[in-house]
Amino acid sequence: YGGYAQSKWGAEQLMLEAKKQGFPICLYRPGRIGGESKTGAVNTDDFLAKFIKGIIQLQKAPALDIELEMSSVDSVSKSIVHISQQKKAFTKKAFHLINQENELKSLLPLFTDIVGQGLTIPEIYMQRNLVFDTTNTKHFLDKSRIIYHPINDRLLKNYFNYFIQSGFLSKPISKVNKL
Numbered sequence: 002y003g004g005y006a007q008s009k010w011g012a013e014q015l016m017l018e019a020k021k022q023g024f025p026i027c028l029y030r031p032g033r034i035g036g037e038s039k040t041g042a043v044n045t046d047d048f049l050a051k052f053i054k055g056i057i058q059l060q061k062a063p064a065l066d067i068e069l070e071m072s073s074v075d076s077v078s079k080s081i082v083h084i085s086q087q088k089k090a091f092t093k094k095a096f097h098l099i100n101q102e103n104e105l106k107s108l109l110p111l112f113t114d115i116v117g118q119g120l121t122i123p124e125i126y127m128q129r130n131l132v133f134d135t136t137n138t139k140h141f142l143d144k145s146r147i148i149y150h151p152i153n154d155r156l157l158k159n160y161f162n163y164f165i166q167s168g169f170l171s172k173p174i175s176k177v178n179k180l
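If you read the sequence shown in the working numbering, its first letter stands for residue 2, the second for the next number, and so on.
Written out as structure tokens, the structure is:
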């Protein structure tokens with residue numbers, strides 16, 4: 002499934018080998034990381050940001066029914082810090098940092114190019130039936146006050162305000178007829 006996934010797997014194998022030799026190792030596997038929940042600050046070089054910009058510029062979006070998960074960067078970073086400060090965490094293999102309660106249903110369309118086996122990239126991933134076990138993560142975050150912010154209109158508005166303030170997107174022009 003591509004060089005990125007293979008190199009990530011290779012790096013994890015090296016880390017697990019170090020763990021076997023007694024090094025305190027935890028693997029953190031975040032899903033898609035979005036911007037900061039309050040300021041909306043987001044990496045505008047990220048694929049999703051560029052994809053959204055392209056949709057806005059072209060005023061067209063591909064139609065594909067997929068689910069897209071995203072967590073705010075502050076939720077993920079706080080989770081990693083919180084978990085890493087607990088000694089028992091090092092007895093576990095991995096922590097999947099996934100925002101399970103929210104899907105970006107408003108951004109379902111994605112990738113329409115056929116890349117292999119007569120399928121699009123999301124269709125290939127959907128065939129894999131990926132399910133991430135978040136039991137370790139839930140256990141170690143259970144008593145923390147870390148919140149995975151819902152991906153809702155308020156959060157998306159923060160992200161779009163940041164896009165405009167940073168110059169990544171132009172301010173929308175109202176199409177209301179003026180007298």
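C-beta: ideal position from N, C-alpha, C; glycine also.
Being a predicted model, the structure only gives us computed values, none of them experimental.
Look at the alpha carbon of residue i and the alpha carbon of residue j, and state the distance between them as a whole number of angstroms.
{"i": "Gly35", "j": "Thr45", "result": "10 Å"}
{"i": "Lys158", "j": "Gln166", "result": "12 Å"}
{"i": "Phe141", "j": "Ile56", "result": "39 Å"}
{"i": "Asn153", "j": "Gly23", "result": "43 Å"}
{"i": "His83", "j": "Ser145", "result": "8 Å"}
What would DSSP say about residue i, mapped onto helix, strand or coil?
{"i": "Leu49", "result": "helix"}
{"i": "Pro110", "result": "Because Pro110 carries a pLDDT of 40, less than 50, the predicted location of this residue cannot be relied on, and the following value inherits that uncertainty. Looking at Pro110 - three-state DSSP - the assignment turns out to be coil, as it is neither helix nor strand."}
{"i": "Leu98", "result": "strand"}
{"i": "Ser167", "result": "coil"}
{"i": "Ser145", "result": "coil"}
{"i": "Ser73", "result": "coil"}
{"i": "Asn137", "result": "helix"}
{"i": "Val116", "result": "Confidence at Val116 is low in this model, with a pLDDT of 48, below 50, so its placement is unreliable and the value that follows should be read with caution. Val116: strand per DSSP, three-state reduction."}
Please identify the residue among the options whose C-alpha is closest to the C-alpha of residue i.
{"i": "Pro151", "options": "Asp75, Ser167, Val82", "result": "Asp75"}
{"i": "Phe161", "options": "Gly41, Gln14, Leu17, Arg33", "result": "Gly41"}
{"i": "Ala62", "options": "Glu70, Lys51, Val77", "result": "Lys51"}
{"i": "Phe90", "options": "Leu15, Tyr29, Leu156", "result": "Note that residue 90 is Ala in the sequence shown, not Phe. If we check each option's Cα against that of Ala90, Tyr29 comes out closest."}
{"i": "Phe48", "options": "Met71, Asp143, Thr135", "result": "Met71"}
{"i": "Gly168", "options": "Lys54, Cys27, Ser80, Trp10", "result": "Lys54"}
**OP:** Could I get the ranges of all uninterrupted beta strand (DSSP E) runs contained in the stretch 10-51, with 3 residues as the minimum, in chain order?
**Re:** 28-31
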